[in-house]
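A.B. asks: Once you've had a glance at the structure underneath, I'll fire off some questions.
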Amino acid sequence: MAPNASTQSAHSGDHAANNKDAVAAHFISKFADLQSRFDAPTNVFESKGKRFLEATIARFVDRNEPITVVLPGFPTKTPNHGGKVLGPLPDRAEELALARLEKLCASVEEVYPIGCKVTIFSDGRVFGDLVGASLENIRAYKNGLKELVKEAGHTHIQFDGLENYTKTDNPVQEVLERFGINQMDMDARIANEPDIGNNFRSFSQFMERDMADRWAGKSEAEMRKGCDDVARKMMLRNVGFSSLVAEEYAHAVRVSIHCYNNAGPKFGIHLLPAKRMDTPRTPWHSVICEDVDGTVRAMDLKDVDTDKYDLVYKHGRKWGFVERPPCTPEEAAQW
Numbered sequence: 001m002a003p004n005a006s007t008q009s010a011h012s013g014d015h016a017a018n019n020k021d022a023v024a025a026h027f028i029s030k031f032a033d034l035q036s037r038f039d040a041p042t043n044v045f046e047s048k049g050k051r052f053l054e055a056t057i058a059r060f061v062d063r064n065e066p067i068t069v070v071l072p073g074f075p076t077k078t079p080n081h082g083g084k085v086l087g088p089l090p091d092r093a094e095e096l097a098l099a100r101l102e103k104l105c106a107s108v109e110e111v112y113p114i115g116c117k118v119t120i121f122s123d124g125r126v127f128g129d130l131v132g133a134s135l136e137n138i139r140a141y142k143n144g145l146k147e148l149v150k151e152a153g154h155t156h157i158q159f160d161g162l163e164n165y166t167k168t169d170n171p172v173q174e175v176l177e178r179f180g181i182n183q184m185d186m187d188a189r190i191a192n193e194p195d196i197g198n199n200f201r202s203f204s205q206f207m208e209r210d211m212a213d214r215w216a217g218k219s220e221a222e223m224r225k226g227c228d229d230v231a232r233k234m235m236l237r238n239v240g241f242s243s244l245v246a247e248e249y250a251h252a253v254r255v256s257i258h259c260y261n262n263a264g265p266k267f268g269i270h271l272l273p274a275k276r277m278d279t280p281r282t283p284w285h286s287v288i289c290e291d292v293d294g295t296v297r298a299m300d301l302k303d304v305d306t307d308k309y310d311l312v313y314k315h316g317r318k319w320g321f322v323e324r325p326p327c328t329p330e331e332a333a334q335w
């Protein structure tokens, strides 16, 4: 052995460790722009999640592979087209969300040229029949997302779906059976697991608004029971779907539109601009209002101030809202 071989080996090991640390630190700093968090002490990212994420990133660096981020989401637009969204197809909300994901991946290449990819695991068929979304709209929505990615020139976003992991005509039931979900006591999990309980309450609240037409003429108690029943079914399917993603993307950075304590393996993110502690809004439940100064606001369609914002169109369909420029005194005098 050459006299300095052991020294060179040690230096090489130090360099590799430093490189992993640098990549992880850079990823985490950029990821912070998207993260959603509960208030302390519920959020434990700094004490637990950060180390989990560092170890996950290190494994990709060790293998010289692109960092893979997997996001279950972008199912379909809510069927509440009158009160929440502009229609069944992607619009400015999805355009902004996809750009945020692309920006994260592109920024990772600043220190890790091998790169980073986001896989959107579209779950439209998992919940579609529960909320009244047709298969036609689910397919059109996913195709619209792919068109937006292509149009924007995004090179870091790819898509996955149930069809790649199931063999029957009922992929949802196949997944539930595969992971033994139908035998699960969901009520016990809702009561005893904070993350599951939070998601259940979030689902139930969404059902009140998303399925408003279904509750017309119902009493408050009937509506509440109906929302809870749908939410419970959604939770069972969500556990099955999450189990599939966890199995097929065991080594990926797993992100979610739902808030978590961020200990890992899941980390909550904001797909749309928001404050870190805000409850995340999703593009498929929102319209976008953009102010003259560039401020972006995501909200329900019914809450848009049409005296302040004008509806704009793109691709021949309703796209979002932009703030009406302030008029000059001369223009105001003509009113």
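Position one of the sequence shown corresponds to residue 1 (the UniProt record's numbering), numbered consecutively onward. The beta-carbon is built from N, C-alpha and C at its ideal position, and this holds for glycine as well.
(1) Can you tell me the Cα-Cα spacing of VAL23 and VAL70, whole angstroms?
(2) In terms of DSSP beta bridges, what is MET299 paired with?
(3) Considering Cα atoms alone, identify which of ALA252, VAL287, LEU272, GLN158 is closest to GLY264.
(4) Pull up the distance between the alpha-carbon of MET1 and that of VAL61, whole angstroms please.
(5) Counting beta carbon pairs with one atom in the stretch 134-146 and one in the stretch 114-126, are three or more of them shorter than 8 Å?
(6) On a Cα-Cα basis, can you pick out the residue from MET223, VAL255, LYS275 that is closest to PHE52?
(7) At a cut of 8 Å, does the stretch 290-299 reach the stretch 104-123 through at least three beta carbon pairs?
(8) Let me know the alpha helix (DSSP H) ranges lying completely inside the stretch 99-126, each 4 residues or longer, listed in chain order.
(9) Can you tell me which of GLY82, ILE120, TYR260 puts its alpha carbon nearest to the alpha carbon of VAL149?
(10) Using a Cβ-Cβ cutoff of less than 8 Å, which residues in the same chain neighbour GLY316 once the five nearest sequence positions on both sides are dropped?
(11) Could you check where the beta strand (DSSP E) with LEU311 kicks off and where it finishes?
(12) Closest Cβ-Cβ distance between LEU244 and chain B: below 8 Å?
(13) Under a Cβ-count criterion, where at least 16 other Cβ atoms within 10 Å of its own Cβ denotes burial, should TYR260 be classed as buried or exposed?
(14) Could you give the first and the last residue of the continuous alpha helix (DSSP H) run that contains ILE67?
(15) In this structure, what does DSSP give as the bridge partners for ASP305?
(16) Reducing DSSP to helix, strand and coil, say where ARG324 ends up.
(17) Could you tell me how far apart the beta carbons of TRP284 and ARG92 are, in whole angstroms, since I believe they sit closer than 8 Å?
(18) Below 8 Å on the Cβ atoms is my contact criterion, and I expect HIS156 with VAL118 to pass it. Report the Cβ-Cβ distance as a whole number of Å.
(19) Nearest CA to the CA of GLY153: which residue from GLU95, PHE321, GLU208?
(20) Hey, PHE203 and ALA231: beta-carbon distance below 8 Å or not?
(21) Among the residues of its own chain, which have a CB less than 6 Å from the CB of LYS266, if the five just before and after it don't count?
(22) Can you list, in chain order, the residues of its chain with a C-beta nearer than 7 Å to that of GLU177? Leave out the 5 residues immediately preceding and following it.
(23) With ASP187 as the anchor, note down where its beta strand (DSSP E) starts and where it stops.
(24) In this structure, what does DSSP give as the bridge partners for SER256?
(25) Let me confirm a value: SER219 is counted as buried when at least 16 other C-beta atoms fall within 10 Å, else exposed. Which label applies?
C.D. replies: Quick answer:
(1) Cα to Cα, the separation comes out at about 18 Å.
(2) DSSP links MET299 through a beta bridge to VAL287.
(3) ALA252
(4) Confidence at MET1 is low in this model, with a pLDDT of 47, below 50, so its placement is unreliable and no value can be given for it.
(5) yes
(6) VAL255
(7) By the Cβ criterion, the stretch 290-299 is not in contact with the stretch 104-123, since fewer than three pairs of Cβ atoms, one from each stretch, lie closer than 8 Å.
(8) The stretch 99-126 contains no complete alpha helix (DSSP H) run of 4 or more residues.
(9) Of the listed residues, the one whose Cα sits closest to VAL149 is ILE120.
(10) none
(11) 309-314
(12) Although the question refers to chain B, the structure presented lacks it and comprises just one protein chain.
(13) When all chains shown are included, TYR260 counts as buried.
(14) Careful: ILE67 lies outside any alpha helix (DSSP H), inside the beta strand (DSSP E) at 67-73.
(15) According to DSSP, ASP305 bridges with nothing at all.
(16) Coil.
(17) Contact flag wrong, Cβ pair sits at about 12 Å.
(18) 6 Å
(19) GLU95
(20) Cβ atoms of PHE203 and ALA231: closer than 8 Å.
(21) ARG254, SER256, TYR260
(22) Result list for GLU177: empty, nothing under 7 Å.
(23) Not the beta strand (DSSP E): ASP187 falls in the alpha helix (DSSP H), residues 186-192.
(24) GLY268
(25) exposed
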